[in-house]
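Its first residue numbered 2, the sequence shown is counted upward by one per residue in the working numbering.
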Amino acid sequence: MTLPADPTGVVARDRAHVWHPYASVVEPFPLYEVTEANGTRLTLADGRELVDGMSSWWAAVHGYRHPVLDRAVHDQVDRFAHVMFGGLTHEPAVALAELLVDITPAALRRVFFADSGSVAVEVAVKMALQYWHGRGRPERRLLLTVRGGYHGDTAGAMSVCDPVSGMHGLFNDYVAQQLFVARPRPAYDEPLAPTDLDEVRDVLGQRSGEIAALVVEPIVQGAGGMRFYSPEYLRSLVELCREHGVLVLFDEIATGFGRTGTLFAMEHADVVPDILCVGKALTGGYLTLGATLCTDEVAAGICAAPGGALMHGPTFMANPLACAVGRASVQLLLDSPWQATVTHIETVLREQLAPCRDLPGVADVRVLGAIGVVETTEPVDMAVLQPALVDRGAWIRPFGRLVYTMPPYVSTDSDLAVVTGAIHGALQDRAG
Ligand code: PMP
């Protein structure tokens, strides 16, 4: 195992002052300085080049330094980098909103730009609560969700994250108490059993008058466990909510923009929400931006209350640089053969990750679209596994019992071979 080198001293300076995501400053994980990123490659300060298997947390679908995206940012910065969105507007925001309305279900016609995925979820929750307020039903203020979900790290989003992995114990008195049902039982290709939605039926039967909205990640539960669940389950869940007048809120922040093989994961089940959150790949991983879309009915409900305005307005709302690169990134995706590309990545990941099934300590291997997951029986030791993956030339960031890849769509077959080879090799060494 090669310990991360620190030729420039940046890692040491970082260690002195900087927090990293989900990290301890006392027992930090290995840390690597990136000096360049281009295409699918990350260059480290010690000169090593890694093949990116993470798309920078599902975002950089076109790879790094894509000429079209670089150009979009340059062009916009030459005009202006930012102006407030209160009372002002600009073409990049309007164009991106139009594009989002175009590519999402017809009923979603209003777009609120948020500064990140988590904030998009906060806005979505506010929309649902304000909708019922406007419709004279303020007692409908609970959210219904499934266990195993993840929706972000801000307080409202945390309240619908899985209670265990979302650290509800730690923030018990702080986050709102919502209604949880068991995580979807049937996997993506398993049939729905008649009893699978009994708990949902019970909860809705007893408490729908208090429920504002269902909040779920369609088809793929991402950071809450990387599980792929049955489209039939999702369809039935949505039908039940509709029968009880509960709004449907989809979080497609991780699954949007082709990752699961359809442009949005909800298309696997042919269902449409009242409120939709997108983020991550929205800007091709260039800048932080989320968006919350809703129907005219939701918008009308929000505005029906006296003085009814949606009560959110971040300083950097609809940042022009982010909107400009967002528009360029979405258009670049639409102009590419993304579906064939994602299907090809799926085939390659299936084939190349399959041998991991035979490794000791591996519980499951699953692939959907451009997402490949190896689940281990015990949590991985990041201090060992991370350097082992880097030594094999791949950037993969495991967590808990999950070693997974979501490669950029521009990955070549040899890039994918490096990524899957690193996962197999590092897990094999771990077992040996
Ligand atoms: N929802 C889902 C499904 C996510 O995967 C994430 C991020 N992992 C978020 C919300 C939060 O997005 P952000 O990190 O941009 O706040």
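Note that beta-carbon positions come from the ideal geometry of N, C-alpha and C, so glycine has one too.
- Item | residue 160 and residue 144 closer than 9 Å at C-beta | Cβ atoms of residue 160 and residue 144: closer than 9 Å.
- Query: Between the region 291 to 300 and the region 124 to 134, do three or more beta carbon pairs fall short of 8 Å?
  - Reply: They touch, by the three-pair rule.
- Message: Our contact map puts residue 358 next to residue 366 with C-beta atoms below 8 Å; I'd like the distance itself, whole angstroms only.
- Response: Taking the Cβ atoms as the reference, residue 358 lies roughly 5 Å from residue 366, within the contact range of under 8 Å.
- Item | Residue of 329, 147, 169 and 117 minimising C-alpha distance to residue 68 | Among 329, 147, 169 and 117, the Cα nearest to that of residue 68 belongs to 329.
- Kindly examine the ligand NAD and report whether one of its heavy atoms sits closer than 8 Å to the Cβ of residue 59. Only the ligand PMP can be found as ligands here, which leaves the ligand NAD out of the picture.
- Item | Per-residue DSSP class, three states only, for residue 423 | In the three-state reduction of the DSSP assignment, residue 423 falls in the helix class.
- Query: Cα separation between residue 430 and residue 315?
  - Reply: Here the C-alpha atom of residue 430 lies approximately 47 Å from the C-alpha atom of residue 315.
- Under the rule that 16 or more other beta-carbon atoms within 10 Å means buried, what is residue 205, buried or exposed? Classification of residue 205: buried, given that the 10 Å Cβ count is 16 or more.
- C-beta atoms of residue 279 and residue 249 nearer than 9 Å: Not a contact, by the Cβ cut-off of 9 Å.
- Distance cut-off 8 Å: residue 21 Cβ against heavy atoms of the ligand PMP: No, since every heavy atom of the ligand PMP falls outside the 8 Å radius drawn around the Cβ of residue 21.
- Message: Suppose the cutoff is 7 Å on Cβ atoms and the five residues either side in sequence are ignored; what does the same chain contact list for residue 149 look like?
- Response: Contacts found: 163, 184, 222, 225, 226 and 228.
- Query: Would you say the beta carbon of residue 410 comes nearer than 8 Å to a heavy atom of the ligand PMP?
  - Reply: Result no, Cβ not under 8 Å from the ligand PMP.
- Query: Within the chosen definition, does the region 71 to 85 reach the region 110 to 120 through at least 3 CB pairs nearer than 8 Å?
  - Reply: Inter-segment contact for the region 71 to 85 and the region 110 to 120 is absent: fewer than three beta-carbon pairs are separated by less than 8 Å.
- Query: Near residue 213, which residues of its chain fall below 7 Å by C-beta distance, leaving aside the five closest residues on each side in sequence?
  - Reply: Listed in chain order, the non-local C-beta contacts of residue 213 below 7 Å within the same chain comprise 129, 130, 133, 141, 142, 143, 144 and 248, local neighbours out to five positions each way being set aside.
- Assigned secondary structure, residue 178 (DSSP; H/G/I helix, E/B strand, else coil): Residue 178 falls in the coil class under three-state DSSP.
- Task: May I ask you to verify whether the region 376 to 386 touches the region 395 to 405, counting CB pairs closer than 8 Å and requiring at least 3?
- Result: Because the criterion of three Cβ pairs below 8 Å is met, the region 376 to 386 and the region 395 to 405 touch.
- Would the C-beta of residue 256 count as close to the ligand PMP, meaning under 8 Å from any of its heavy atoms? Residue 256 Cβ: within cutoff of the ligand PMP.
- Considering residue 261, what are the terminal residues of the alpha helix (DSSP H) in which it resides? Taken as a continuous stretch (DSSP letters only), residue 261 belongs to no alpha helix (DSSP H), as it is neither H nor E.
- Over what stretch of residues does the beta strand (DSSP E) that includes residue 365 continue unbroken? Here the beta strand (DSSP E) through residue 365 covers 363 to 369.
- the region 37 to 53 touching the region 229 to 247, judged by at least three CB pairs closer than 8 Å: The region 37 to 53 is not in contact with the region 229 to 247.
- Could you tell me how far apart the beta carbons of residue 182 and residue 147 are, in whole angstroms, since I believe they sit closer than 8 Å? With a Cβ gap of about 6 Å, residue 182 and residue 147 count as contacting.
- Taking residue 376 as the reference, give the member of 361, 389 and 194 with the closest Cα. Taking only the C-alpha atoms, the option nearest residue 376 is 361.
- Query: Using a threshold of 8 Å, is the CB atom of residue 285 nearer than that to any non-hydrogen atom of the ligand PMP?
  - Reply: Result no, Cβ not under 8 Å from the ligand PMP.
- Message: Can you tell me whether residue 254 is helix, strand or coil according to DSSP?
- Response: Residue 254 sits in coil when the DSSP states are folded into three classes, being neither helix nor strand.
- What residues match up with residue 43 in a beta bridge as DSSP calls it? DSSP lists 38 and 51 as the bridge partner or partners of residue 43.
- Item | Validate contact between the region 418 to 426 and the region 187 to 195 using beta carbons, cut 8 Å, 3 pairs | Contact between the region 418 to 426 and the region 187 to 195 is not established, with fewer than three Cβ pairs separated by less than 8 Å.
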